[in-house]
Structure formats: C-alpha cells, structure tokens
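Participant: Residue numbers (our numbering), protein chains in the order written: chain H, 1 to 594; chain A, 1 to 123; chain X, 1 to 257. Backbone N, C-alpha and C define an ideal beta-carbon position, used for all residues, glycine too. Computed from a predicted structure; not experimentally measured.
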Amino acid sequence: MTVLPVGVMPPLPVAGPLAVAGLLLATGTRLPRRMPDVVAILVALAACVLCALMAMGSAHAPLVYWFGGWEPRHGLAIGIGFVVSPAGAWLGAFIALLFAATLLFAWGYFDAVHAHFHVLMLLFMAGMIGFCLTHDLFNLFVWFELMSVSAFALTGYALRTDALEGALNFTVVNTIGSYLILGGIGLIYLEVGALDFSALGRGVAAHPGDPAVAAAFALLASGLLTKGAQVPFHFWLSDAHAVAPSPVSVIFSGAMVSIGLYGVAVLDWTVFAGSAVVQHLVHTLLLGMGAASAAVGGVMALMQRHVKRLLAFSTISHAGILLVGLALSDGNGLSGMLVYLLGHGLVKGALFMVAGIMLASLGGIDELGLRGQGRRIWPAGLVMGFGGLLLAGMPVGLMDTGLERIELAMRDQHQIVVRVAVLTGMVCTGAAVLRVAGRVFVGWGPVSGEEECSPTDEEREKADRPLWLMMLPTVVLVALSLCGSHDADRIAWRAAALLMHPDGEAILGLATARPAVVAPWAAVPGSWLPWVATGLAVALSGLELFWHRLPRSLARGYDRASGPALGALGALHSGLVGDYVAWIAVGLALFVLA
Amino acid sequence: MPVGQALDHATSLLPWCVSAWLLGVGLYAILTSRHFVHLIGCLSVVQSSTYVLLLAAGYRKGAQAPIFYSHPPGIAVDPVLQALVLTDVVIGATVTALLLALVLQLHKRRGTLDPERLRPMRR
Amino acid sequence: MSPRVRVLLFALAVLCLAPAFAHVALHLPRFGAHPLPYGDAINAAGTRERHVTNMVSAVNFDYRGFDTLGEEFMLLGAVTGTATLLRGTRGERKEVPQQVPGRPVRARSDAVVLVARLMGTTTVLFGVYVALHAMTTPGGGFQGGVIVSSGLLLVFLAEGYRGWRRAMRSEILDACEGSGATLYALCGFASMLAGLPFLQNILPLGKVKDLFAGGLMLVENAGVAFAVAGGFAVLFLEFLEETRVEADGDDEEEKEA
Chain H
1 MTVLPVGVMP PLPVAGPLAV AGLLLATGTR LPRRMPDVVA ILVALAACVL
51 CALMAMGSAH APLVYWFGGW EPRHGLAIGI GFVVSPAGAW LGAFIALLFA
101 ATLLFAWGYF DAVHAHFHVL MLLFMAGMIG FCLTHDLFNL FVWFELMSVS
151 AFALTGYALR TDALEGALNF TVVNTIGSYL ILGGIGLIYL EVGALDFSAL
201 GRGVAAHPGD PAVAAAFALL ASGLLTKGAQ VPFHFWLSDA HAVAPSPVSV
251 IFSGAMVSIG LYGVAVLDWT VFAGSAVVQH LVHTLLLGMG AASAAVGGVM
301 ALMQRHVKRL LAFSTISHAG ILLVGLALSD GNGLSGMLVY LLGHGLVKGA
351 LFMVAGIMLA SLGGIDELGL RGQGRRIWPA GLVMGFGGLL LAGMPVGLMD
401 TGLERIELAM RDQHQIVVRV AVLTGMVCTG AAVLRVAGRV FVGWGPVSGE
451 EECSPTDEER EKADRPLWLM MLPTVVLVAL SLCGSHDADR IAWRAAALLM
501 HPDGEAILGL ATARPAVVAP WAAVPGSWLP WVATGLAVAL SGLELFWHRL
551 PRSLARGYDR ASGPALGALG ALHSGLVGDY VAWIAVGLAL FVLA
Chain A
1 MPVGQALDHA TSLLPWCVSA WLLGVGLYAI LTSRHFVHLI GCLSVVQSST
51 YVLLLAAGYR KGAQAPIFYS HPPGIAVDPV LQALVLTDVV IGATVTALLL
101 ALVLQLHKRR GTLDPERLRP MRR
Chain X
1 MSPRVRVLLF ALAVLCLAPA FAHVALHLPR FGAHPLPYGD AINAAGTRER
51 HVTNMVSAVN FDYRGFDTLG EEFMLLGAVT GTATLLRGTR GERKEVPQQV
101 PGRPVRARSD AVVLVARLMG TTTVLFGVYV ALHAMTTPGG GFQGGVIVSS
151 GLLLVFLAEG YRGWRRAMRS EILDACEGSG ATLYALCGFA SMLAGLPFLQ
201 NILPLGKVKD LFAGGLMLVE NAGVAFAVAG GFAVLFLEFL EETRVEADGD
251 DEEEKEA
C-alpha cells in the first residue's frame with residue numbers, strides 16, 4: 001500500500017462509501033441482482049483497511065487533515081479538520097469490519113429492488129466512521145445525525161406493527177437527543193466562538209468555572225448518552241433493538257451505542273479537560289449513571305423471554321460498564337473501555353447473529369416457545385453458550401482484557417458500589433444468555449405452560465439462507481474477540497494516552513508537535529472478578545432453569561423476594577414515548593443536582 | 001440603574017428565555033400528546049428552540065447581513081451559525097418525513113395513533 | 001406510569017432545571033454584543049478569497065463544505081428510508097394506478113387548473129433563479145431545490161393525479177437525487193486527484209458579483225440543487241401514492257353506494 005500516502009487517506013473511508021451509496025441509488029434498478037451485496041461488502045472491507053492503515057500511521061503523531069485546505073490561521077480554525085488518532089482509527093476499522101461481517105450475514109436477506117438496504121447501510125457506516133475521525137463539533141453532529149437517520153429507517157424496515165412502534169419511539173427520543181446536542185453546540189459557540197475541538201479546548205480552559213460551559217456539556221452529554229443508552233436515557237433501546245432486522249441489530253448493539261460513549265470520551269478529554277466542573281460531573285454523575293445502567297440492564301435482561309429484547313438489555317448493561325470505564329477518568333479506565341468496546345461489539349454482534357439464525361431457521365424468537373427446538377442448529381447454540389460465558393466475564397479474549405483494566409481502575413479508586421453494580425451486570429447478562437442457550441438449544445427447564453403466549457406477533461426472517469453462510473460471520477466475530485488481546489491492550493494503552501493528552505497547540509499550528517507522553521505499559525495483574533462473575537452467572541442460570549427442582553419453600557421465597565421490585569422495574573419500561581421524554585427531563589435535572 | 005439600561009438588560013435575556021421556553025413547552029406537549037401527528041409537530045417546536053438559540057448566538061447589534069453584494073464587506077452577523085441553521089432545517093425536514101412515513105404505516109395497521117393505546121411489547 | 005405521574009415527574013425536573021437556567025442565562029454574554037471571531041474571520045476574508053458575496057454560501061460550500069456533504073447524504077438517507085417505508089407494502093408501481101373503486105371523482109375547477117399551471121411554471125423558474133444566485137445574493141441549492149420541487153407538486157393540482165404520475169417517473173427522480181449527491185462527493189475526489197485536499201477549489205474563481213463566480217462551489221451547488229429537488233419530489237410522489245391505496249373507508253362507501 002505504498003501507492004497511497006497515509007496523509008491523504010482521512011476523507012476516503014467516509015466520502016468513499018457515501019459516493020458509492022449515491023451511485024447505488026442512482027443506478028439501483030439496472031444492477032444485477034447480487035451486485036449491491038458484493039459492492040457493499042467490498043466497500044466495507046476497503047474502509048476497514050484504510051482505517052487500519054491510518055491507525056498504524058498515527059501511532060506516534062495524529063494525522064491532521066484540513067478539508068478544503070483551510071488550515072488554521074493564527075490559532076483560529078476556519079475549516080473542518082479530521083484528526084486521526086489511533087483510538088478513532090481503530091474504532092473506524094472495527095466498525096467497517098462489523099459492517100462487512102453483517103453484510104455477509106445479510107447476504108440475500110434483503111433482495112427487494114433498488115438496493116435501498118445497502119444504500120442505507122453504507123450511509124450508516126460512513127456516518128459512524130466520520131463520527132470517530134472528526135475534530136469539529138458541528139461536523140460530529142452531522143455524522144451523528146447521518147447515522148441516526150439511517151438507523152431510524154432501518155429499524156422500521158420490517159414494517160411489522162411492533163417494528164414501527166419501536167422505530168417511532170427510537171426516532172422521537174433520539175431526535176430530542178440530537179436537538180439537545182445542537183443546543184449544547186449553540187451554547188458553547190456563544191461562549192467560546194469556535195467549533196474545532198482544540199480551539200474549543202483552549203476556550204474552555206480560558207473560562208474555567210463558567211456555568212454556560214458546564215450547561216453546554218450537560219446538553220451535549222445528554223444527547224450522546226441518549227444514543228449510548230444510559231439510565232435514564234436508555235428506554236428507547238430495548239424497543240428499537242428488539243424489533244430491528246437482526247443484521248441491523250448487530251450494528252446497533254455492536255457499535256452504534258458504544259460510539260455514542262466514545263463521543264463522550266472524546267469531548268471529555270479534548271474539549272472539556274480544562275473545566276473542573278465538567279470533570280467533577282464526569283467523575284460523579286456519569287460514573288453513577290454507568291453503574292446504574294450496568295445493574296438495571298442486567299436485571300432487566302434476566303426478566304425477558306424475547307431473545308432480542310434480552311440481548312438489547314444486556315447491551316444497556318455492558319454500555320454501562322463502558323461508561324464506568326470512561327468516568328473513572330484515568331489511563332486504566334479509558335484504555336480498558338476501548339478494549340472492552342471492541343470485545344463487546346464482536347461478542348454482542350455474534351449473539352444478535354445467533355438470534356437472527358433462530359428467526360430464520362426456527363421461525364421465532366421467544367425463549368419459552370422455542371424450548372428444545374434449537375437442537376438441530378446446535379452450532380448456533382454453541383456460539384450462544386460461549387457468548388454468554390464471555391459476557392459473564394470468562395477470562396479469555398478482548399472483553400476480559402478490557403474488564404481487567406477497568407477493574408484495576410475501580411480498585412485503585414475504591415469504588416465498591418460501582419464494582420458491585422458492574423459485577424451484577426456481568427452476572428445477570430451472562431446468566432440470561434446462558435439460560436436461553438440451555439433452554440432453546442438443549443431443552444432444559446420446565447414446561448411452564450406459557451409457551452403459546454409469545455410476547456410479539458408472528459416473526460420470521462427470510463428463511464432460505466443456508467446455515468453455514470449465516471454461521472461463518474458469526475464464528476469469525478467470536479474468533480476475533482478471542483485473539484490478540486495482549487496486543488490490543490498495548491495498543492489501547494497508547495491510544496488512551498494520546499486521547500487523554502491531545503496536542504491542541506500543534507493541531508492549531510501554534511506550536512511544534514511535542515512528543516506524546518505515554519506512561520510505560522504494564523500488564524494487569526489478574527483478579528478474582530472474572531472467575532467469580534463466571535461462576536455466579538453459571539449458578540444463576542442454573543437457578544433460573546431448575547428452580548422448580550428446589551424445595552418448594554425456597555422457590556416461593558425466591559419468587560416473593562424478587563417479584564414486586566422486578567415488576568415495578570419492568571413497568572417503568574412501558575413503551576410509552578411520553579414516559580421516555582419525562583425521563584429525559586429527569587436526566588437533565590440530574591446534571592443540575594450533581 | 002436607569003430604566004433604559006435595565007430594559008436593555010432584560011431584552012438581552014429574552015432570546016435565551018424564548019429558546020428555553022420553546023424547549024420546555026415542546027417537551028411538555030410531547031409527553032402529554034395523545035396523537036402521533038401532533039407529537040411530530042411538537043418535535044418541531046423543540047427544534048425551533050435550537051433555531052432561536054443558534055441565530056441569537058450569531059447575532060450582533062446593528063450589524064448587516066453577511067451578504068456583501070450591495071454594500072462592501074464589513075461588520076456583519078455570523079454567517080457560520082446561519083449555515084448551521086440551514087443544516088438544522090434540513091435535518092428537521094428529513095426527520096419529519098421519516099416520522100410521518102412511520103406514522104402512516106402504523107395507522108394502516110393499528111387504526112389508531114394514540115401513544116397511550118399503542119405500546120411496543122413489554123417483555 | 002399514568003399521565004398524571006408523568007407530568008408530575010416532568011414538573012419536578014423543570015423545578016430543578018429552572019434555577020440552573022436562570023444562573024446560566026445571567027452568565028451568558030450580552031445578546032448581540034459578544035465576540036464572534038470565527039464569523040468575523042470569514043466575513044473579512046470570504047469575498048477576497050472566494051470571489052463570492054454570499055458568505056453563508058461560502059461557509060456552506062467551501063469553508064465548511066464537508067458538513068454539507070454529510071447533510072446532503074442525510075437527506076438522501078431520509079428520502080431513501082421514507083420511500084422504503086412507504087413502498088414496503090404496495091411495492092413500487094411502474095404503471096399509473098387506477099381510480100380507487102368507490103371513491104367519487106370530482107372535476108377540478110378551471111380556475112384551479114389555470115392558477116396552478118401559471119404558478120407551477122413560475123415557481124419552477126423562481127426555484128432555478130434562487131438556486132443560480134447562490135453565490136451572490138441570498139439563495140442557494142437547498143432553497144432553490146425545495147422551491148423547484150414544490151413547483152412540481154403544483155403539477156398535481158393542475159393536471160390531476162394521472163397527469164402528475166405521467167410527469168414524475170420515480171427512476172428519473174431517484175437518479176436525479178443520487179447523482180446530485182454523488183456529484184458533490186465527486187467534487188471532493190476531483191480535488192484529491194489534482195493533489196489538493198478534499199473539496200479544495202480547482203476551478204477558476206471568476207469575478208466578484210458575477211453569477212458564475214465561486215469555482216468548484218458552483219458545481220457543488222448544482223449537485224445540491226439536483227439532489228434536493230429530486231429528493232423532495234420523491235417524497236411528494238410516495239406520499240401522494242399513499243392516497244391511492246384503498247383505505248378501510250373506501251369499501252364501506254362502496255357498500256353504501
């Protein structure tokens with residue numbers, strides 16, 4: 001790849017997919033039947049390669065690219081810049097890879113004319129990569145909105161009643177989130193008069209303790225946390241992820257949610273690093289939100305019988321763990337978050353693919369209704385069981401590596417409550433997935449008599465795809481989540497250090513680049529947490545499956561102890577968009593109270 | 001403080017108050033809305049608060065429009081924020097179209113557009 | 001949550017937010033009197049550097065042209081999504097659908113036809129005029145494109161549904177929309193092929209106050225105008241098409257008749 005110097009690459013993974021999407025739309029009807037599939041996969045792979053090359057090229061100093069050649073004048077950025085750092089570029093590569101796998105998984109799924117699905121997917125991907133690479137607040141918002149708009153349309157794609165309702169809630173709540181971001185942009189522009197991250201960072205540092213800056217952060221963070229599905233902004237997620245077509249859910253849970261949190265991390269370190277109020281908010285409020293999301297998502301996941309909805313709640317829980325890593329505000333937490341983000345995206349993507357396989361091969365997604373029916377697609381069951389163990393924290397692979405770093409940071413800062421919440425999330429989500437694997441693919445658990453009352457309408461996704469074609473990307477994702485965790489940890493350590501100490505003066509052309517300050521990397525000592533979590537998850541899933549074999553009094557006690565509290569928690573997730581909006585207001589109020 | 005100065009001070013707070021008010025009533029209307037088409041309208045009200053905020057942030061007293069055709073380049077209001085509002089308008093239009101399409105399909109299937117009577121699955 | 005509890009919750013949240021808002025509003029800079037370094041820099045340099053007099057267009061298509069690229073494709077995504085959602089059940093119809101059975105046909109009055117024909121033509125012309133004057137006076141591809149497409153909508157009023165359908169072919173509109181947006185992206189790649197950063201001007205800038213000043217911005221503006229006109233026309237087409245789907249009421253009317 002010496003043909004293309006790394007310095008001209010930054011626009012390509014964003015503008016390339018966009019141009020191809022436009023061409024696909026313009027020529028849609030005249031293309032051969034499988035052409036859009038092939039083109040989309042190739043574009044995703046190309047974007048992945050480009051991002052990976054940029055990530056390697058930016059390991060020592062960020063790649064700075066000014067669109068239209070508008071370089072800053074006397075420290076004033078007058079154009080839009082991309083500043084490619086290893087964290088953003090590796091994230092872009094991961095997103096493109098996930099898209100390639102998903103498009104392969106969806107091969108032949110959407111064969112309607114016009115390639116509309118592929119157009120939307122390419123726009124979705126371009127939006128996400130642009131979001132990771134940009135260095136301009138309004139440009140960030142544009143890519144955020146591009147990915148939102150394509151996501152809204154993709155959610156309702158199936159046109160079932162529940163899909164439309166889920167898509168409506170998703171659109172309304174996320175659009176309010178977008179407007180909050182826009183409000184934040186307006187406020188900070190009013191105060192600082194710039195949009196470039198480095199320029200904003202300088203401006204914020206010049207106004208320490210300014211309430212308008214803190215208000216701008218509250219609005220921006222609320223919008224991004226809505227996308228990142230954190231308590232109490234999380235309600236839309238379970239409605240949307242459960243009903244979107246499975247390939248789309250793969251992207252939603254695997255990347256879209258975590259991207260929102262990455263956005264918070266970037267803003268926190270490059271723009272608001274100089275504001276003590278904001279740093280305090282991050283360290284208290286966001287930490288609490290992350291812990292609450294981890295626990296609430298885990299408990300809610302355990303209560304579901306619709307498998308995709310169950311996985312959606314587990315995404316909330318793991319996104320909470322990501323936010324905890326971010327809010328711990330130290331090198332271990334941030335680098336752990338980056339690795340955990342990749343690992344979780346790969347594993348959760350594979351699990352949603354398994355759910356898609358269930359929908360295609362078994363014609364349903366209801367855990368109770370499908371009891372024992374999954375035996376003939378046992379390879380999918382293996383992946384699901386293994387995925388459950390990984391979610392619970394089994395000490396192999398990327399998820400574990402990331403978690404060990406976050407755990408180290410939590411231990412250093414003596415965050416006992418947060419550790420318990422994170423543990424709850426891991427145990428509950430792991431147990432829920434293991435329970436599904438045991439019930440559907442082995443046939444364990446009692447016949448409850450509720451098999452027929454499935455919570456949704458008849459659901460089935462296009463059935464005539466061969467099992468191996470759907471299994472291939474699934475297995476690839478799980479395999480990727482297992483390898484290279486040592487290298488990933490080292491890379492993330494460096495990437496986190498570069499993210500935490502951006503060289504704003506050099507980016508704005510005010511000073512020559514200073515060498516990056518990277519603390520020496522040291523391996524994390526293993527901890528007991530993964531073992532305990534995995535053990536507890538296996539035990540809990542056993543309890544869920546076999547509680548009828550316990551002595552009668554014990555079983556009743558378990559029921560009575562958990563019933564009312566869980567019922568109330570379930571009732572909060574009402575599916576009413578009005579409720580969700582009230583919670584957004586509450587979330588904003590939390591920023592004031594903290 | 002002389003009356004004129006106090007009045008001046010109060011009017012200078014007005015744009016922020018209008019923007020916050022639009023946000024507040026928009027959210028209130030959404031959470032009490034009983035019809036999805038009405039709700040989409042309320043979403044536009046929420047969006048209007050961002051228009052007001054952005055345009056007010058780019059305003060400068062006594063300055064001209066940033067179009068230097070009939071008068072020479074000089075002191076003008078901020079063109080950047082006006083360009084951002086243009087993008088904002090496009091976003092509003094696109095999201096409204098999408099929402100209306102969703103609502104139309106939903107009405108065909110359920111025969112009602114009252115959020116209280118439509119609720120996605122609970123479990 | 002009952003509606004009353006919900007409103008109560010909201011009221012509590014507002015109660016917390018109100019003093020915070022007051023605190024922030026009092027600390028904000030004075031309205032209309034704060035420094036605007038970014039805008040001033042562009043106002044000062046825009047005409048000299050880009051030979052255009054409309055600074056908003058200079059920001060949209062040049063200084064922050066990359067934003068507009070994303071915005072263009074956002075529109076494309078939303079239109080594609082809306083078309084997908086609306087076409088979902090009925091599919092895309094190539095032939096002009098017949099009259100919905102049982103629905104009365106009302107003749108249009110001659111006055112409406114005359115006014116709509118006159119207005120339609122002038123509106124389209126005005127849209128083109130607005131789009132062409134992007135660089136000099138208030139105007140631009142977005143505004144012009146929207147006006148053109150609303151002029152096209154007047155064809156519906158003037159010629160009735162069948163006439164409208166004969167004039168609007170969805171594949172042509174799709175091509176218009178897709179190629180317009182792609183043209184914008186290709187402008188960026190053209191700069192890169194010339195060895196310059198993405199979207200940097202590669203064409204002669206022209207004379208200040210000339211209709212065709214602005215270089216590459218003109219091509220981008222044309223792309224935007226095509227994409228917006230095509231996109232909104234697709235939206236109108238798909239939503240109007242919905243009126244031709246048999247609704248529940250239609251059958252009943254037929255029975256009554």
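(1) Let's see if you can read the secondary structure: which residues bound the alpha helix (DSSP H) around V383 (chain H)?
(2) Quick check: the stretch 61-75 of chain X against the stretch 120-140 of chain H, are there 3 or more CB pairs under 8 angstroms?
(3) With 8 angstroms as the C-beta to C-beta threshold (strictly closer), list the residues of the stretch 137-150 of chain H near chain X in chain order.
(4) When you compare the CB positions of M74 (chain X) and T94 (chain A), do they come within less than 8 angstroms of one another, or not?
(5) Once the 5 residues before and after L272 (chain H) are set aside, which same chain residues still bring their CB inside 7 angstroms of it?
(6) Would you kindly check if the distance between the Cβ of S246 (chain H) and the Cβ of L311 (chain H) is under 8 angstroms?
(7) Using only alpha-carbon positions, find the residue among A:R117, A:D8 and A:L98 that is nearest to G32 (chain X).
(8) Helix, strand or coil: how does DSSP classify W269 (chain H) here?
(9) Check for me: the beta strand (DSSP E) holding W66 (chain H) runs from which residue to which?
(10) Extract the residue ranges of the alpha helix (DSSP H) inside the stretch 463-531 of chain H, only unbroken runs of 4 or more that lie entirely within it.
(11) Might you give, ordered along the chain, the residues of its own chain that have their beta carbon closer than 8 angstroms to the beta carbon of N60 (chain X), omitting 5 neighbours on each side?
(12) Got a sec, what are the start and stop residues for the alpha helix (DSSP H) F156 (chain X) sits in?
(13) So P112 (chain A) contacts chain X; which residues on that side make the cut at Cβ distance below 9 angstroms?
(14) What do you reckon, are the CB atoms on L390 (chain H) and S481 (chain H) nearer than 8 angstroms?
(15) Quick check: what's the CA-CA separation for E242 (chain X) versus A26 (chain H)?
(16) Would you kindly work out how many angstroms separate the C-alpha atoms of K227 (chain H) and G144 (chain X), rounded to a whole number?
(17) Using the three-state DSSP reduction, which class does T94 (chain A) fall into: helix, strand or coil?
(18) Please go through the same chain and pick out, in chain order, the residues whose beta-carbon is closer than 7 angstroms to the beta-carbon of A327 (chain H), but skip the five residues on each side of it.
(19) Give a yes or no on whether the C-beta atoms belonging to A126 (chain H) and V14 (chain H) are separated by under 8 angstroms.
(20) Starting from V84 (chain H), follow the beta strand (DSSP E) in both directions and report where the run begins and ends.
(21) How long is the line joining the alpha carbons of V524 (chain H) and A360 (chain H), rounded to whole angstroms?
(22) How would you write the range of the alpha helix (DSSP H) that I181 (chain H) sits in, first residue to last?
(23) Just checking my contact of T96 (chain A) with S44 (chain A) at CB under 8 angstroms: how many whole Å lie between their CB atoms?
(24) Who are the neighbours of T29 (chain H) on chain X, taking C-beta pairs under 7 angstroms?
(25) What's the gap between the Cα of D114 (chain A) and the Cα of F239 (chain X)?
(26) With respect to the alpha helix (DSSP H) encompassing I41 (chain H), which residues constitute its N-terminal and C-terminal limits?
(27) Just how far apart, CA to CA, sit F10 (chain X) and H414 (chain H)?
(28) Take L545 (chain H) and list the residues in its own chain whose beta-carbon comes closer than 7 angstroms to its own, dropping the five residues that flank it on each side.
(29) Please work out which residues of its chain come closer than 6 angstroms, Cβ to Cβ, to R60 (chain A), disregarding the five sequence neighbours upstream and downstream, and give them in chain order.
(30) Measure the alpha-carbon distance for K207 (chain X) versus T47 (chain X) and round it to whole angstroms.
(31) Thinking G184 (chain H) and L225 (chain H) are a contact (beta carbons under 8 angstroms), I'd like their distance in whole angstroms, please.
(32) Report the neighbours of F10 (chain X) on chain H: residues whose CB is nearer than 7 angstroms to its CB, in chain order.
(33) By alpha-carbon positions, which one of H:A44, H:G575, H:G567 and H:T134 ends up nearest to I95 (chain H)?
(34) Run through the DSSP bridge pairs and tell me what Q64 (chain A) is partnered with.
(35) Closer than 8 angstroms, Cβ to Cβ, to anything on chain H: give me those residues from the stretch 68-86 of chain X, in chain order.
(36) By the 10 Å Cβ neighbour count, where 16 or more other Cβ atoms means buried, how is D210 (chain H) classified, buried or exposed?
Facilitator: According to the data block:
(1) In the first sequence, the residue the question calls residue 383 (chain H) occupies position 383. From DSSP, the alpha helix (DSSP H) with V383 (chain H) extends over W378 to A392.
(2) yes
(3) F138, N139, V142, W143, E145, L146, V149 and S150
(4) Counted from its first residue, the third sequence places residue 74 (chain X) at position 74. Counted from its first residue, the second sequence places residue 94 (chain A) at position 94. Yes; because the gap between Cβ atoms is below 8 angstroms, this pair is in contact.
(5) Mapped onto the first sequence, residue 272 (chain H) falls at position 272. Note that residue 272 (chain H) corresponds to Phe in the displayed sequence, not to Leu. Here the set comprises V204, F217 and V278.
(6) In the first sequence, counting from the first residue as 1, residue 311 (chain H) sits at position 311. In the first sequence, counting from the first residue as 1, residue 246 (chain H) sits at position 246. Not a contact, by the Cβ cut-off of 8 angstroms.
(7) Start at 1 with the first residue of the third sequence, and residue 32 (chain X) comes out as number 32. Taking only the C-alpha atoms, the option nearest G32 (chain X) is A:D8.
(8) To locate residue 269 (chain H), count along the first sequence from 1; it is residue 269. In the structure shown, W269 (chain H) sits in a helix (DSSP, three-state: H, G or I).
(9) Counting from 1 along the first sequence, the entry for residue 66 (chain H) is found at position 66. Element bounds for W66 (chain H): L63 to W66.
(10) 467-482, 485-500 and 504-507
(11) Stepping through the third sequence from its first residue, residue 60 (chain X) is reached at position 60. Within the same chain, N60 (chain X) has close Cβ partners D67, T68 and G140.
(12) To locate residue 156 (chain X), count along the third sequence from 1; it is residue 156. Element bounds for F156 (chain X): G141 to A167.
(13) In the second sequence, the residue the question calls residue 112 (chain A) occupies position 112. A small fix is needed here, since residue 112 (chain A) is Thr in this sequence, not Pro. Per Cβ cutoff of 9 angstroms: no residues; T112 (chain A) is ~12 angstroms from chain X at best.
(14) Looking up residue 390 (chain H) in the first sequence gives position 390. Looking up residue 481 (chain H) in the first sequence gives position 481. For L390 (chain H) and S481 (chain H), yes; Cβs fall inside 8 angstroms.
(15) Counted from its first residue, the third sequence places residue 242 (chain X) at position 242. Counted from its first residue, the first sequence places residue 26 (chain H) at position 26. Roughly 23 angstroms between the two C-alpha positions.
(16) For the purposes of this step, residue 227 (chain H) is identified with residue 227 of the first sequence, where counting begins at 1. For the purposes of this step, residue 144 (chain X) is identified with residue 144 of the third sequence, where counting begins at 1. One C-alpha to the other measures close to 34 angstroms.
(17) Taking the second sequence and counting its residues from 1, the one referred to as residue 94 (chain A) is at position 94. T94 (chain A): helix per DSSP, three-state reduction.
(18) Sequence index remark: in the first sequence, residue 327 (chain H) carries index 327 (1-based). Once the five neighbours on either side are set aside, the close Cβ partners of A327 (chain H) are V282, H283, L286, L287 and G290.
(19) Here residue 126 (chain H) refers to the residue found at position 126 of the first sequence. Here residue 14 (chain H) refers to the residue found at position 14 of the first sequence. Yes; because the gap between Cβ atoms is below 8 angstroms, this pair is in contact.
(20) Reading the first sequence from its first residue, position 84 is the one you call residue 84 (chain H). It spans G81 to V84 - the beta strand (DSSP E) in which V84 (chain H) sits, taken as one unbroken run.
(21) As a working note, residue 524 (chain H) is residue 524 in the first sequence. As a working note, residue 360 (chain H) is residue 360 in the first sequence. Distance between the alpha carbons of V524 (chain H) and A360 (chain H): 42 angstroms.
(22) Within the first sequence, residue 181 (chain H) is the residue found at index 181, counting from 1. I181 (chain H) -> alpha helix (DSSP H) spans T161 to V192.
(23) Translated into positions along the second sequence, residue 96 (chain A) becomes position 96. Translated into positions along the second sequence, residue 44 (chain A) becomes position 44. With 8 angstroms as the limit, T96 (chain A) and S44 (chain A) qualify as a contact, their Cβ atoms being about 7 angstroms apart.
(24) For this step, residue 29 (chain H) is matched to residue 29 along the first sequence. Chain X residues near T29 (chain H): E171.
(25) Along the second sequence, read from residue 1 onward, the residue named residue 114 (chain A) stands at position 114. Along the third sequence, read from residue 1 onward, the residue named residue 239 (chain X) stands at position 239. Roughly 21 angstroms separates the two Cα atoms.
(26) Position 41 of the first sequence, counting from 1, holds the residue named residue 41 (chain H). Segment M35 to G57, the alpha helix (DSSP H) holding I41 (chain H).
(27) Within the third sequence, residue 10 (chain X) is the residue found at index 10, counting from 1. Within the first sequence, residue 414 (chain H) is the residue found at index 414, counting from 1. Answer to the nearest angstrom: the Cα atoms are 35 angstroms apart.
(28) If you number the first sequence from 1, residue 545 (chain H) lands on position 545. Cβ neighbours of L545 (chain H) beyond the five flanking positions: R435, G438, R439, W444 and G445.
(29) If you number the second sequence from 1, residue 60 (chain A) lands on position 60. Here the set comprises V77.
(30) Position 207 of the third sequence holds residue 207 (chain X). Position 47 of the third sequence holds residue 47 (chain X). Straight-line Cα distance between these residues: approximately 10 angstroms.
(31) By 1-based counting over the first sequence, the position of residue 184 (chain H) is 184. By 1-based counting over the first sequence, the position of residue 225 (chain H) is 225. The pair is not a contact, with the Cβ atoms about 12 angstroms apart (cut-off 8 angstroms).
(32) Within the third sequence, numbered from 1, the residue matching residue 10 (chain X) stands at position 10. Under the 7 angstroms cutoff, chain H gives A582 and A585.
(33) Residue numbering aside, residue 95 (chain H) sits at position 95 when the first sequence is read from its first letter. Nearest option by C-alpha distance: H:A44.
(34) On the second sequence, position 64 is the one that residue 64 (chain A) refers to. Answer is A:A76.
(35) L69, G70, E71, F73, M74, L76, G77, A78, T80, G81, T82, A83, T84 and L85
(36) Position 210 of the first sequence, counting from 1, holds the residue named residue 210 (chain H). That one is buried.
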